[in-house]
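Taken in order, these protein sequences are the chains called A and B.
Quick note: the first sequence uses the working numbering, first residue 1, plus one each step.
Quick note: the second sequence uses the working numbering, first residue 1001, plus one each step.
No residue lacks a Cβ here, since even glycine has one placed at the ideal position from N, Cα and C.
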Amino acid sequence: MSVTHLIVELLLMPLVAFVVGLGMVLMMRRIAARLQRRVGPPFLQPVYDIMKLYSKQTQISHGLVHEIGIIMAVGGYIAAMTLLPVPGMSGLADKGGVVTLAYVLMIPSLGLALGVGQCANPNGSIGISRALTAMLAYDIPFILVIFGVAWVYGTTNLAEMVAIQQQGGPQGWGFMQMPLLALAGLLTLPAMMGKHPYEIYVAPAEIATGPMVEMSGKFMGGLFVMQCFQLYTVGVLYTTLFLGGGENWFTFLVKIFAVVAIPMSIAYVFPRYRTEDVLRLMWKWPVLIALVGLAVVMK
Amino acid sequence: MSKDDLLQRKEQELQVELGRKRSNPLAHVFDDLVNFCRSRSMFMLHYCTGCGAIELPPAMTSRFDMERLGIQPMVTPRQADILLITGYVSIKTLKRIILTYEQMGSPKYVIGICSCTVNGGMYWQSYATAKVLRHYLPVDVYIAGCMPRPEAVIEGLQELMEDIKIGRANSWKKYFQNYDYYLGNQQQLFGEAWQTPTDIIAEARHYDLITDQTLGEYTALLEKHQQPLEALEMRLQGQKEKQPL
């Protein structure tokens, strides 16, 4: 692969991820609206929101770390995008692998924690402590699932995993080979997306949107961009691990949108879990299922 | 009367520049795009006063669904664009409203819902109610009624959207341009020592919105009484150590 080719891929992958992520945010809001028997936002609403936030005239910064924190939050996801293989583009996926990705995916949360810390708003501190606890909750089953998948395929290379699955056709997909791990992964997804019912760290009515409490203008816009990447990452990661990646863009998009849509349509029906309940739930069922799944695949 | 004449007369009435032309045609295109996005994405602050608040849940939920117009509730003034004053404003509440308004990021819009914000409504004779809201804050849109139905609220919001789209909703600039007037009215209610944590004059200077109406006798009073802001001491109040059993 030539250098120019690689550079083009590294630029294109985050861009594509952003556009697809916008679509996912729209889908999420439409699903929520339909479940509440509303019409929902217009097609370009996520774009309007982000453009409006970036064009606010007052940009209230609480200091250097506040700004760096948001850059880390968005930048961490942009880095993660180059590690996720999509049809026709693999970027750094050959070199990085799933372990690097798991590390890189922690950067946004930590960046957010730094940025919110400088705002010195008690609501923000409560929110971010809850967010980091939630991260602790879903990372254990997530790492177990990744471990099991890497064991089965004999590699941590995401591009190779996709190639192995596609050789066997739908029968060879990770979902068929290790259903228990796939189920554990599916249960972990909503927590990774930070949406209902695991969004106690946002909780608008009690801690005033937690980490976002002091964010305005472009900082809030940065978080809106981050949300697009977050949904996209979750969708693509699950598709790559269990649904055979994408043969072409059409099947790829269908798969990743379905992966995000399924937990979301179930989740919006439930109220929020408290932080300790999130921890208890995550460490009980997905971990249990993942451990059984591990035992099955390792025999 | 031609359209230009009308525009000019409106400019004189409102004392703001409408449809300011720039030399770079692309800059205007971008401004129009930004104004359009601003009009289609309005975050309203979830802060309600008085009884008109009861009309907002139906306007937001499935029956009338404001989200299809891009309007959604936000919980902190930092994130919000619109401040809805839904009903009578007691003097105590007005302090909070002004604090909230000053912490919102510009461009920001104020909507007065219910008759009480227009002229005091049925609280006209009350000693504890601030009667005319626009004496204390610049108001973009009034929605009269006691109370206006959700349709009327949405109608008012659509009017605001239209104003934002053509760049006419500039009342937030008026607050900086005529700060002395608003501060004078606020001081009349709260006393001479009234001050807020937000430095409006510095902000007006930042946006280059200082006019001869910004500073005056009331801002001089403010400077006389102003205490420098200090960080609050962090401690838990009213918690005594429990005696061991």
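Residues of its chain near residue i, where Cβ-Cβ distance is below 8 angstroms and the 5 sequence neighbours each way are ignored
i: B:GLN1195; result: LEU1222, HIS1225, GLN1226 and GLN1227
i: B:PRO1148; result: GLY1052, GLU1055, ILE1113, CYS1114 and GLY1156
i: B:GLN1158; result: LEU1069
i: B:MET1104; result: LEU1045, PRO1077, ARG1078, ALA1080, ASP1081 and LEU1083
i: A:THR240; result: LEU84, PRO85, LEU158, MET161 and VAL162
i: A:LEU180; result: ILE289, ALA290, VAL292, GLY293 and VAL296
i: A:PRO170; result: MET176 and GLY244
Where residue i sits in the DSSP three-state scheme
i: A:LEU186; result: helix
i: A:VAL202; result: coil
i: B:PHE1030; result: helix
i: B:TYR945; result: Nothing in the structure corresponds to residue 945 of chain B, since chain B is present only between 1001 and 1245.
i: B:TYR1085; result: Sequence inspection shows Ile at residue 1085 of chain B; the Tyr mentioned does not correspond to that position. B:ILE1085: strand per DSSP, three-state reduction.
i: B:ILE1071; result: strand
i: B:ALA1231; result: coil
i: A:LEU231; result: helix
i: A:GLY194; result: coil
i: B:PHE1064; result: coil
i: A:MET106; result: coil
i: B:THR1129; result: strand
i: A:PHE252; result: helix
i: B:GLY1216; result: coil
i: B:ILE1166; result: coil
i: A:VAL3; result: helix
i: A:GLY210; result: helix
i: B:ILE1091; result: helix
i: B:LEU1137; result: coil
i: A:VAL269; result: coil
i: B:ILE1111; result: strand
i: B:LEU1045; result: strand
i: A:LEU16; result: The amino acid at residue 16 of chain A is misidentified as Leu; the sequence shows Val. In this structure, A:VAL16 counts as helix in the three-state DSSP scheme.
i: A:VAL86; result: strand
i: B:ALA1197; result: Just to set this straight, residue 1197 of chain B is Pro in the shown sequence, not Ala. Of the three classes helix, strand and coil, the one that applies to B:PRO1197 here is coil, per DSSP.
Cβ separation of residue i and residue j, assumed to be a contact under 8 angstroms, to the nearest whole Å
i: A:MET220; j: A:MET212; result: 7 angstroms
i: A:ILE68; j: A:LEU114; result: 7 angstroms
i: B:ASP1081; j: B:TYR1109; result: 6 angstroms
i: B:TYR1179; j: B:THR1129; result: With 8 angstroms as the limit, B:TYR1179 and B:THR1129 do not qualify as a contact, their Cβ atoms being about 24 angstroms apart.
i: A:MET81; j: A:MET27; result: Actually they are not in contact, since the Cβ atoms of A:MET81 and A:MET27 sit about 19 angstroms apart, beyond 8 angstroms.
i: A:TRP173; j: A:GLY244; result: 4 angstroms
i: B:LEU1039; j: B:LYS1165; result: The sequence as given places Ser at residue 1039 of chain B; Leu does not occur at that position. Yes, they are in contact, since the Cβ atoms of B:SER1039 and B:LYS1165 sit about 4 angstroms apart, within 8 angstroms.
i: A:ILE207; j: A:ASN123; result: 5 angstroms
i: B:LEU1137; j: B:GLN1177; result: So it is not a contact: roughly 13 angstroms between Cβ atoms.
i: B:VAL1132; j: B:ILE1111; result: In fact, because the Cβ distance is near 15 angstroms, the residues do not count as touching under 8 angstroms.
i: A:TYR153; j: A:ILE164; result: 5 angstroms
i: A:LEU231; j: A:VAL74; result: The pair is not a contact, with the Cβ atoms about 14 angstroms apart (cut-off 8 angstroms).
i: A:ALA184; j: A:PRO286; result: 4 angstroms
Alpha-carbon to alpha-carbon, residue j and residue i
i: A:LEU53; j: A:GLY117; result: 22 angstroms
i: A:THR309; j: A:ALA17; result: No answer is possible for residue 309 of chain A: it lies beyond the span of chain A, which begins at 1 and ends at 299.
i: A:ARG34; j: A:TYR268; result: 10 angstroms
i: A:TRP283; j: A:ALA295; result: 17 angstroms
i: A:THR155; j: A:VAL104; result: 19 angstroms
i: A:ASP49; j: A:PRO85; result: 29 angstroms
i: A:VAL145; j: A:GLN166; result: 20 angstroms
i: A:LEU92; j: A:LEU64; result: 30 angstroms
i: A:VAL254; j: A:VAL260; result: 10 angstroms
i: A:LEU281; j: A:MET176; result: 25 angstroms
i: B:ARG1205; j: A:SER2; result: 53 angstroms
i: A:GLY168; j: A:ARG274; result: 42 angstroms
i: A:VAL99; j: A:MET106; result: 11 angstroms
Cβ neighbours of residue i in the same chain (closer than 6 angstroms, five flanking residues each side left out)
i: A:ASN121; result: VAL213 and GLU214
i: B:TRP1172; result: SER1106, PRO1107 and LYS1108
i: B:TYR1088; result: GLY1050, CYS1116, TYR1123 and THR1129
i: A:ILE128; result: ALA113, VAL116 and PRO211
i: A:GLN59; result: GLY217 and LYS218
i: A:VAL278; result: ALA134, ALA137 and TYR198
i: B:LEU1229; result: PRO1197
Contacts around residue i, its chain only, beta-carbon distance under 7 angstroms, and the 5 residues preceding and following it disregarded
i: B:GLU1102; result: THR1196, THR1198 and ILE1200
i: A:ILE143; result: ALA102
i: B:THR1086; result: CYS1048, THR1049, GLY1050, GLY1052, ALA1053, LEU1056, ILE1113 and CYS1114
i: A:VAL39; result: ALA33
i: B:PRO1073; result: MET1044, HIS1046 and MET1060
i: B:LEU1160; result: TYR1109, ILE1111, ASP1140, VAL1141 and ALA1169
i: B:GLY1184; result: TYR1218
i: A:LEU132; result: SER109 and ALA113
Listed from N- to C-terminal order along the chain, which residues in the stretch 1033-1059 of chain B have their beta-carbon within a distance smaller than 7 angstroms of any beta-carbon of chain A? VAL1034, CYS1037, ARG1038, ARG1040 and SER1041
Chain D contacts from the stretch 1089-1106 of chain B (Cβ-Cβ distance under 7 angstroms): Any reference to chain D falls outside this structure, whose protein chains are A and B.
Closer than 7 angstroms, Cβ to any Cβ of chain B: which residues of the stretch 50-73 of chain A, in chain order? MET51, LYS52, SER55, LYS56, GLN57, THR58 and ILE60
Mind listing which residues of the stretch 1147-1169 of chain B have their C-beta closer than 9 angstroms to chain A's C-betas, in chain order? none
Which residues, taken in chain order from the stretch 25-51 of chain A, show a beta carbon closer than 7 angstroms to some beta carbon of chain B? ALA33, GLN36, ARG37, ARG38, VAL39, GLY40, PRO41, PRO42, GLN45, TYR48, ASP49 and MET51
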